[in-house]
Amino acid sequence: MSLKKGIFLASLALPMSTIAADIALQANQIGYPAQAVKQAMICNSSVSEYSIVDAKSGTVVYKDSLPKAKSWRASGDNVTWADFTKFSIPGEYKLKIGTKESEPFKVQKDGHVYDELLTQTMKGFYFWRCSTPIESKFAKFKGVDYSRKAGHPDDKVTVYTNVKGTKVQRNAQGGWYDAGDYGKYTVNAAITLHTLLTAYQLNSKYFDNLDLNIPESGNHTADILDECMYELKWMLTMQDEADGSVYNKVTTLQFPDMIMPADDRKERFLIGKTADCAYDFAATMALASRVYKGNTDYPDFSDKALAAAKKAYEWAASQRHYVMFQNPSDCNTGSYASSEMKDEQFWAASELLISTGDAKYASILKFSQYFTVPFWGDVSTLGLISLMHNENALQEKVDIKLVEKKFKELADDLLSIYNESVGRVPMREYFWGSNGQVANSGMVLAMACKRLNSEKYLSAAQYCLDYILGANATGYCFVTGFGTKTPLNIHDRRSVADGISTPIPGYLVGGPSLDQTSDCGNSSYPTVKYPAKAYLDMSCSYSTNEIALNWNAPLVSLISQIVNAYK
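With the numbering used here applied, the sequence shown covers 311 to 877.
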């Protein structure tokens with residue numbers, strides 16, 4: 311994934327236009343907690359009333375009026391909203407206008423309507439495991455077996471060098487594949503692990519009882535933490551013990567063909583060392599040292615992780631001139647290159663301050679910058695989130711009121727964009743990975759609801775989930791294996807090559823974007839004009855239909871917080 315210049319059209323409303331388009335009723339295809347704000351997008355309807363009907367019998371169970379539609383420039387549609395918050399009778403339903411119906415959805419008494427979705431979204435990380443077979447007894451979903459052979463043992467990975475005649479190899483076994491390819495990237499692993507570990511900390515009781523059916527299930531550790539440990543153990547192998555520096559990635563020199571992991575036997579390399587990567591590593595290990603402290607299944611990990619974090623931080627801090635990561639001239643796999651490292655240092659210092667109490671880390675923390683929705687290219691808000699949830703560990707070394715103020719500013723900005731947008735999407739751009747942005751925005755809004763004790767953020771957080779699950783301009787539920795209109799042809803080598811007609815379930819695809827419509831050819835896309843509809847369910851569409859660790863993780867966090875809010 312790479313962040314590119316987006317389209318600033320998400321929140322623009324235009325006068326009502328005469329757009330020749332079909333009526334569309336777009337609802338959350340999984341469903342709604344009975345006590346939640348329940349919204350569905352209605353596109354291009356000229357009538358002023360809608361009905362809710364029983365999905366099986368067609369019996370009308372609820373009617374209400376529709377507000378006047380507005381033109382949404384991002385989609386080219388005239389959009390209004392069906393708000394059926396008052397309807398709370400459990401069951402399975404459809405929205406209906408005339409003869410047009412939405413996809414079916416459920417209303418359920420609490421947030422557990424999302425239990426299967428959350429389980430499979432987290433289970434997706436198991437399917438991403440490298441260097442190990444995916445066993446049949448752990449790999450079935452709705453009667454389909456997604457097991458596969460092990461690929462990429464990575465026990466002898468070559469350290470990339472331009473010096474001829476030298477060859478050094480290191481063990482870099484395990485970990486997760488990053489996306490739809492077979493690379494493993496420290497930078498993207500870092501934000502993913504923070505998101506998942508923080509999700510556990512915020513909802514530990516829920517996750518302690520969540521059975522993912524993975525090889526480690528049944529030990530004394532929550533399955534989500536077992537799954538994260540598989541990535542953390544690999545991440546430790548990325549550190550050079552000699553000086554504390556950290557390698558950026560493990561990949562082949564070129565992206566592999568659409569083949570299974572076991573069939574990709576080209577030489578793999580450890581490539582690059584940069585300060586931003588080392589800070590990301592330090593932050594992740596410092597956080598993990600707290601989460602696993604006292605864990606009897608992994609008794610030595612906490613101390614090892616904290617020592618590794620300190621060493622990586624010191625190495626990064628010793629780099630007097632920042633050098634941005636660049637691929638070698640003969641390599642074209644992903645880069646996750648950051649133009650500067652202030653945000654990574656802020657995050658690392660925050661985590662190490664919490665873990666050690668050492669005031670030297672507090673002196674690094676400045677709060678004058680604008681904190682953004684977190685993504686791999688700006689991780690400062692991850693530090694803010696950790697500081698906010700660890701007030702007791704700060705011992706007044708950081709002004710917690712200032713931390714909360716900065717977090718509230720971000721949440722209020724998202725809420726404002728949501729309220730102003732015709733499409734109710736809390737973002738102004740449809741860039742590469744827009745669904746990940748929606749999930750991260752929802753995660754922040756859900757945290758704001760709980761931390762700031764204000765329900766006003768919850769409806770916006772709920773809509774972020776609604777959007778991902780079908781209440782969007784495309785009408786797709788963007789999670790594989792879920793909903794009735796769902797991606798079938800994702801850009802994922804395993805799902806293309808395994809011979810199974812349905813993709814591996816539980817993956818959030820990147821979503822609408824006009825960044826790279828040439829990947830399948832502009833003529834293949836439904837539009838090259840309206841970014842909210844620029845999504846293509848074809849495996850060639852790496853710009854809209856790929857999957858990635860850092861998109862699934864905030865969806866796990868968002869769902870778990872919604873479930874907890876309505877328990």
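C-beta: ideal position from N, C-alpha, C; glycine also.
| query | result |
| --- | --- |
| Can you tell me the Cα-Cα spacing of Leu663 and Lys670, whole angstroms? | 8 Å |
| Pick out whichever of Cys440, Asp455 and Trp438 has its Cα sitting closest to the Cα of Ser446. | Asp455 |
| Looking only at C-alpha atoms, which of Ala770, Pro566, Met545 and Phe565 sits nearest to Val556? | Met545 |
| When we look at the beta-carbon of Ser367 and count the other beta-carbons within 10 Å, is it buried (16 or more) or exposed? | exposed |
| Contact defined as beta carbons within less than 8 Å: I believe Asp847 pairs with Asn855. What is the distance between those atoms, to the nearest angstrom? | 6 Å |
| Answer with buried or exposed for His631, where buried requires no fewer than 16 other C-beta atoms within 10 angstroms of its C-beta. | exposed |
| Around the C-beta of Ile524, are 16 or more other C-beta atoms found within 10 angstroms, so that it is buried, or is it exposed? | buried |
| Beta-carbon within less than 8 Å of Cys830's beta-carbon, same chain only, minus the 5 sequence neighbours each way: which residues are those? | Leu846, Met848, Cys850 and Ser851 |
| Would you say the beta carbon of Ser673 comes nearer than 6 Å to a heavy atom of the ligand GDP? | This structure simply doesn't include the ligand GDP, nor any ligand for that matter. |
| Using only the alpha-carbon positions, how far apart do Tyr342 and Ser412 sit? | 14 Å |
| Identify the residues that DSSP records as bridge partners of Gln336: which are they? | Met351 |
| By Cβ distance, which residues of its chain are closer than 7 Å to Val806, with the 5 residues on each side in sequence left out? | Met568 and Ser849 |
| State the Cα-Cα distance for the pair Gly809 and Tyr492, rounded to the nearest angstrom. | 18 Å |
| Please return the same chain residues whose Cβ sits closer than 6 Å to the Cβ of Thr827, not counting the five positions on each side in sequence. | Tyr835 and Val838 |
| Could you check if Ala881 is buried or exposed, using at least 16 other CB atoms within 10 Å of its CB as the buried criterion? | Any answer about residue 881 is impossible in this case: the structure gives the chain only from 311 up to 877. |
| Reducing DSSP to helix, strand and coil, say where Asn782 ends up. | coil |
| If you check the beta carbons only, do Thr594 and Ala532 fall under 7 Å apart? | no |
| With DSSP run on the structure shown, which of helix, strand or coil describes Asp374? | strand |
| Which residue comes first and which comes last in the alpha helix (DSSP H) that contains Gln871? | Leu859 to Ala875 |
| Kindly indicate the opening and closing residues of the beta strand (DSSP E) around Tyr623. | Element bounds for Tyr623: not the beta strand (DSSP E) but the alpha helix (DSSP H), Phe611 to Ala627. |
| What does a CB cutoff of less than 7 Å around Ser312 pick up in its chain, not counting 5 residues either side in sequence? | Residue placement at Ser312 cannot be trusted, given a pLDDT of 39 that sits under 50; what the coordinates show is reported in the next sentence. The residues are Trp742. |
| Terminal residues of the continuous beta strand (DSSP E) containing Lys559? | Tyr557 to Thr561 |
| Would you decide whether Glu706 is buried or exposed? Buried here means 16 or more other CB atoms lie within 10 Å of its CB. | exposed |
| Tell me the DSSP secondary structure of Gln483 in three-state form. | coil |
| Can you give me the start and stop residues for the beta strand (DSSP E) that Val806 sits inside? | First-last for Val806: Arg803 to Ala807, but that is the alpha helix (DSSP H), not the beta strand (DSSP E). |
| Can you find the residues in the same chain that come closer than 6 Å, C-beta to C-beta, to Gly693, ignoring five residues on each side of it along the sequence? | Phe656, Trp657 and Ser660 |
| Reducing DSSP to helix, strand and coil, say where Lys450 ends up. | strand |
| To the nearest whole angstrom, what separates the beta carbons of Cys440 and Val497, a pair I think is in contact under 8 Å? | Their Cβ separation, rounded to whole angstroms, is 17 Å, which puts Cys440 and Val497 out of contact at 8 Å. |
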